[in-house]
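Engineer: Pasting in a structure now, in structure tokens, and then I'll have a few things to ask.
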Amino acid sequence: MSDSGFLEVILLTNTKFEIDTSVFVSDNGTLYSVRLYNLYNMNTSNLAGSLYTSLTDGTTNRFIAIGTYTEITDILVAANNTANRKEDQWIVVSIDSFECPGNITMFSFVCIVQYDNNYTGHINVDEHIYDLYLSQLWKAINTYVDNTLYVTQNLNDYLTTIKASNTSSQLNIIKYNNNGSAESLIGYWTRSNGLYTTEVAFSNVTENRLTVVLIHEPPFITKIETADGVRYEGYTIDILDEIARRLNFEYSFHYVPDGEYGVLRSDGTWSGIIGEVARGAADIGIGPISVTAERETVIDFTAPYYDFAGLQLLMRDPTVYNDMFAFASAFTGIVWITWFSIQISTAVILYFFHRLQLKTFAAKPQHNPFSFKECVWFVMGSITLAGADRSPITFSSRILVAGFWFFCQIMMGTYTANLAAFMTSSRLSYSIESLEDLSTQTSISYSVLKGTVGETYFSRMANIEKNFYDLWKEMSYESDNVGNFAVWEYPLGEKYTKIWNAIQATGLVQTTDDGIQRLISDNFAYIHETPMIKYQMNKQCGLLTIGSPFSSKPYALVLQQNSPLLDSISKTILQMQSETIITELKDKWWKNSTITCPSTEGNQGLSMEAVGGIFIVMAIGCGISFLILFIELSWTRYKSVKQINKIKENENKMEMKDNHAFEDKDELGVPRKN
Numbered sequence: 001m002s003d004s005g006f007l008e009v010i011l012l013t014n015t016k017f018e019i020d021t022s023v024f025v026s027d028n029g030t031l032y033s034v035r036l037y038n039l040y041n042m043n044t045s046n047l048a049g050s051l052y053t054s055l056t057d058g059t060t061n062r063f064i065a066i067g068t069y070t071e072i073t074d075i076l077v078a079a080n081n082t083a084n085r086k087e088d089q090w091i092v093v094s095i096d097s098f099e100c101p102g103n104i105t106m107f108s109f110v111c112i113v114q115y116d117n118n119y120t121g122h123i124n125v126d127e128h129i130y131d132l133y134l135s136q137l138w139k140a141i142n143t144y145v146d147n148t149l150y151v152t153q154n155l156n157d158y159l160t161t162i163k164a165s166n167t168s169s170q171l172n173i174i175k176y177n178n179n180g181s182a183e184s185l186i187g188y189w190t191r192s193n194g195l196y197t198t199e200v201a202f203s204n205v206t207e208n209r210l211t212v213v214l215i216h217e218p219p220f221i222t223k224i225e226t227a228d229g230v231r232y233e234g235y236t237i238d239i240l241d242e243i244a245r246r247l248n249f250e251y252s253f254h255y256v257p258d259g260e261y262g263v264l265r266s267d268g269t270w271s272g273i274i275g276e277v278a279r280g281a282a283d284i285g286i287g288p289i290s291v292t293a294e295r296e297t298v299i300d301f302t303a304p305y306y307d308f309a310g311l312q313l314l315m316r317d318p319t320v321y322n323d324m325f326a327f328a329s330a331f332t333g334i335v336w337i338t339w340f341s342i343q344i345s346t347a348v349i350l351y352f353f354h355r356l357q358l359k360t361f362a363a364k365p366q367h368n369p370f371s372f373k374e375c376v377w378f379v380m381g382s383i384t385l386a387g388a389d390r391s392p393i394t395f396s397s398r399i400l401v402a403g404f405w406f407f408c409q410i411m412m413g414t415y416t417a418n419l420a421a422f423m424t425s426s427r428l429s430y431s432i433e434s435l436e437d438l439s440t441q442t443s444i445s446y447s448v449l450k451g452t453v454g455e456t457y458f459s460r461m462a463n464i465e466k467n468f469y470d471l472w473k474e475m476s477y478e479s480d481n482v483g484n485f486a487v488w489e490y491p492l493g494e495k496y497t498k499i500w501n502a503i504q505a506t507g508l509v510q511t512t513d514d515g516i517q518r519l520i521s522d523n524f525a526y527i528h529e530t531p532m533i534k535y536q537m538n539k540q541c542g543l544l545t546i547g548s549p550f551s552s553k554p555y556a557l558v559l560q561q562n563s564p565l566l567d568s569i570s571k572t573i574l575q576m577q578s579e580t581i582i583t584e585l586k587d588k589w590w591k592n593s594t595i596t597c598p599s600t601e602g603n604q605g606l607s608m609e610a611v612g613g614i615f616i617v618m619a620i621g622c623g624i625s626f627l628i629l630f631i632e633l634s635w636t637r638y639k640s641v642k643q644i645n646k647i648k649e650n651e652n653k654m655e656m657k658d659n660h661a662f663e664d665k666d667e668l669g670v671p672r673k674n
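By UniProt numbering, the letter at position 88 of the sequence shown is numbered 88, and the numbering carries on one by one without gaps.
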């Protein structure tokens, strides 16, 4: 598909008109292929043969014919007999009649004729639908004044130059269905009001397979990888399927390469889905894509299929998310490492003191009450303030132990107080209630999703604040007429500047899933769009929204500028809304996928999630004790068996020695002489 819908235009006209084909230039500079056929030199009795190649080569199904009523009739009959394709689309202009030929074709066509006062049709001028095919037609057609066709650049320029004596002040635009009948007035032009249309010229989509660019964003679009390949499902996919079914077209998916929705880059190009559609790499862009005026400068939006999606602050609920190892959070990691190092060092020093003093002052110690194991046990008992069953007997060891006891008292008291404060504060709600509160604190980091309207919103608001400040500064200090102004302090704050700087320092979130995981695991706030926030809160407990939504915008499908699909898709979306299909799909992907979360209201005690880590530590201690018991029993058994074997070996040696001595004696027990 081209960006306008016209891959090629076949223009049929009389030689007494002159056409400048340079008007077939799109907004982005693309020159459409135009084939001009001279009706004057053709044999009207054999138009079918003359036009056979043009009508059947398959390069286009769009034709424009300008001529008299007779010429138009002959052309349509010839085209019907030659191609007989229902998907052909014709625009014909009759220059000498108030009527259009009907009941002669098997394809639809639009006829533009002069207004007949006897025409009884009615048109609703309240609905203004500017159709692509008509606009492109009128770029290539101008008035017939003195039998000459002067090219103009748009419809109004053309129509306002009509001065022929037999031309009225109104032109009618009449549509014929693909059976050549069912005449209907779909628009008209008047000198005073210009062009009005109420229906797209060709409602059936006849393009080849469309390319649809999309992005993973549940529940709108979910990318599922299977052994058979990649498939997509979601709210937007269901809407696209229904539109394709009603308009009878097929499509293939193309995942956006950079994973963005679309923001304007510094070099003037667009990223993401917006950029893909604007460059012509895709025909349609789908997903939760917000409608903005800036984006509409390069693409077109359909009628919204999701209304008023705003930005909102999402955080984890402090009353739900409890770390089962919160008891370890009272101290930092370096404090825990230092504490355990001091314990081991104290046990080693105590053992060294005891061994040294016993060797020095005791001539022959009979018992060593402080082996290394006993020293470690003594230190562990001191930590828990339980004490040990023995105490050091030397004065130097007692001084060491006294200092260690004092250290343990301070550490345990600090730990208890800090743990109580930590557990209490973790159950309190956040003090942040708005963006203002968020911008004035530094303990919680926050960010937005990359390549979305959230990024654009905060970037633009920060830039607006900067521009206002620069203007105030210039008026207050740098203006030549500063004496003419009464200068006060800067009246505006720097809320968005602070927020944008904090977002840049934190870094943009790459995907929604990454943002949710970071929110759960870290002290992080995620600024995201309300439909996705609602979906995440329905799928996962422990999430909390802060403040009210802001910067609300609808979601719509993205099309290339002046796409022939725009009006038909928009009308289909409006029909689906009136039939409550849109509402049913919303319920399917939001309400019907809700989980039940426990209530967090009321004064509840600590949950098992909050203290479960202590039980885990106890279980680990029991497991280690059983392991050590098994090792001790195995070692004791091994030593016992080894000792028994050694005793048996000694007994065998003694027995062999006795037997040898007995053999060296005679019958009377007297040793024999050699």
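All C-beta atoms, glycine included, are put in the ideal place defined by N, C-alpha and C.
(1) Whole-angstrom Cβ separation of Trp270 and Gly280, contact assumed at under 8 Å?
(2) Count the other CB atoms, across all protein chains shown, that sit within 10 Å of the CB of Leu471; report buried if there are 16 or more and exposed otherwise.
(3) Under a three-way DSSP split, which group does Pro218 fall into?
(4) Considering Arg245, what are the terminal residues of the alpha helix (DSSP H) in which it resides?
(5) Answer yes if the segment 501-511 comes into contact with the segment 441-453, meaning at least three C-beta pairs across the two stretches below 8 Å, and no otherwise.
(6) Note down the Cα distance separating Glu260 from Ile221, rounded to an integer number of angstroms.
(7) Taking the CB atoms as reference points, tell me whether Pro554 and Thr530 lie closer together than 8 Å.
(8) Would you be able to state if there are at least three C-beta pairs under 8 Å between the segment 238-248 and the segment 566-584?
(9) Using CA coordinates, which residue listed in Leu419, Tyr306, Ala293, Gly413 is at the minimum distance from Ala330?
(10) Buried or exposed: which applies to Ser371, given that a residue is buried once 16 or more other Cβ atoms fall within 10 Å of its Cβ?
(11) Straight-line CA distance for Gly272 to Ile444?
(12) Got a sec? Which residues, its chain only, sit under 6 Å from Trp90 by beta carbon, not counting five neighbours each side?
(13) Where do the ends of the beta strand (DSSP E) carrying Gly454 lie?
(14) Determine the contact status of Ser439 and Ile499, defining contact as a CB-CB distance below 8 Å.
(15) Does any residue of chain C bring its CB to less than 8 Å from the CB of Ala417?
(16) Please report the residue range of the alpha helix (DSSP H) in which Ile499 lies.
(17) Please classify Ile66 as buried or exposed, where buried requires at least 16 neighbouring CB atoms within 10 angstroms.
(18) So does His254 have its beta carbon nearer than 7 Å to some heavy atom of the ligand ATP?
(19) With Ile274 and Ile299 assumed to form a contact (beta carbons below 8 Å), what rounded beta-carbon distance in angstroms separates them?
(20) From Pro304 to Glu225, what does the alpha carbon distance come to, in whole angstroms?
(21) Tell me, please, whether the segment 280-292 touches the segment 536-550 by the rule of three or more beta-carbon pairs shorter than 8 Å.
(22) Could you tell me how far apart the beta carbons of Gln312 and Thr545 are, in whole angstroms, since I believe they sit closer than 8 Å?
(23) For Leu264 and Gln504, what's the separation of their Cα atoms in angstroms?
(24) Please list the terminal residues of the continuous alpha helix (DSSP H) segment that includes Ala278.
(25) If the criterion is Cβ atoms closer than 8 Å, does the pair Val453 and Ser290 meet it?
(26) Residues in the same chain with beta-carbon distance under 6 Å from Glu649, minus the five sequence neighbours each way, listed in chain order, please.
(27) Which class does Lys539 belong to by DSSP, given the choice of helix, strand or coil?
(28) Let me know the secondary structure DSSP gives Trp590 once reduced to three states.
(29) According to DSSP, is residue 682 part of a helix, a strand, or is it coil?
(30) If you run the structure through DSSP and keep just helix, strand and coil, what is Lys450?
(31) CB-CB under 8 Å to Glu655, same chain, minus the five flanking residues each way: which ones, in chain order?
(32) Quick check: the Cα distance between Met315 and Val230, rounded to an integer number of angstroms?
(33) Around the C-beta of Phe630, are 16 or more other C-beta atoms found within 10 angstroms, so that it is buried, or is it exposed?
(34) Would the segment 456-468 count as touching the segment 403-421 if we require 3 or more Cβ pairs under 8 Å?
Structural biologist: A quick look at the data gives this:
(1) Between Gly280 and Trp270 the Cβ distance is about 12 Å, and since that is not below 8 Å, they are no contact.
(2) exposed
(3) coil
(4) 235-247
(5) yes
(6) 14 Å
(7) no
(8) yes
(9) Leu419
(10) exposed
(11) 29 Å
(12) Phe63, Phe109
(13) Looking at the DSSP string, Gly454 is not in any beta strand (DSSP E); the run it does join, the alpha helix (DSSP H), is 453-473.
(14) yes
(15) Protein chains in the displayed structure number just one, and chain C is not present.
(16) 495-506
(17) buried
(18) What this structure holds is no ligand at all, so the ligand ATP is not there to describe.
(19) 6 Å
(20) 29 Å
(21) no
(22) 6 Å
(23) 17 Å
(24) 272-278
(25) yes
(26) none
(27) helix
(28) coil
(29) The shown model of the chain, from 1 to 674, leaves out residue 682, and the question about it has no answer.
(30) coil
(31) none
(32) 32 Å
(33) exposed
(34) no
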